[in-house]
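Step one of this worksheet: look at the structure below.
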Amino acid sequence: QIDQETRLFDTGAGTTRAMRSKEDAHDYRYFPDPDLLPLVIPQDEVDELKAALPELPDAIRDRLTNDYGLSAYDAAVITEERETAAFYEAASTGRDRKLVANWMTVELFGALNKSGQTLADCNISPVALGGLVGLIEDG
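Converting from the sequence shown to the numbering used here requires adding 1306 to each position, the first position being numbered 1.
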């Protein structure tokens, strides 16, 4: 529990102590600082900044499950890091996206874990993984 109170700093002892308690937030009597001008950001600037932001992990995860049909687990593993999601996107272009996810999360990550490597250390490019999955698709 956090007590709503005003604390006093004792410089001699280097400690704080309760000075008075507050019942509710209105007891704090918040008011605008007259020395600070209002901050007004034009909507077009806000829209421009939003457009410049990369896709957020939750949005990528939703897209992978809803549009690509991946399981929530696979989508969570793939979106754990932005680089992993980018690798998956590049590898799965034009391929069976579920099959690419399976090969990536089971075979590739399994081999990397076994050798103590990460995806950044991997010599396999997304195009190569996509090509391998393409060969599997073609039989």
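Glycine included, every Cβ here is placed at the ideal spot set by N, Cα and C. The structure presented is a predicted model; accordingly, all values stated were derived computationally and were not measured.
- Judged by DSSP secondary structure, F1415 falls within the alpha helix (DSSP H) whose first and last residues are F1415 to K1420.
- Under a 10 Å Cβ-count criterion, M1410 is classified as buried, with 16 or more other Cβ atoms of the shown protein chains found around its own Cβ.
- With a cut-off of 8 Å on Cβ pairs, the segment 1436-1443 is in contact with the segment 1402-1409, counting three or more such pairs.
- In this structure, DSSP gives F1315 an extended state, which the three-state scheme calls strand.
- The residue among D1309, A1357, T1424 and D1380 with its C-alpha nearest the C-alpha of R1326 is D1309.
- Excluding residues up to 5 positions away in sequence, F1393, A1396 and A1397 lie with their Cβ nearer than 6 Å to the Cβ of P1432 in the same chain.
- Membership of S1327 in the beta strand (DSSP E) is indicated by the continuous run T1321 to S1327.
- In terms of Cβ geometry, E1389 and A1426 form a close pair [threshold 8 Å].
- By the neighbour-count definition (other C-beta atoms within 10 Å, threshold 16), D1350 is an exposed residue.
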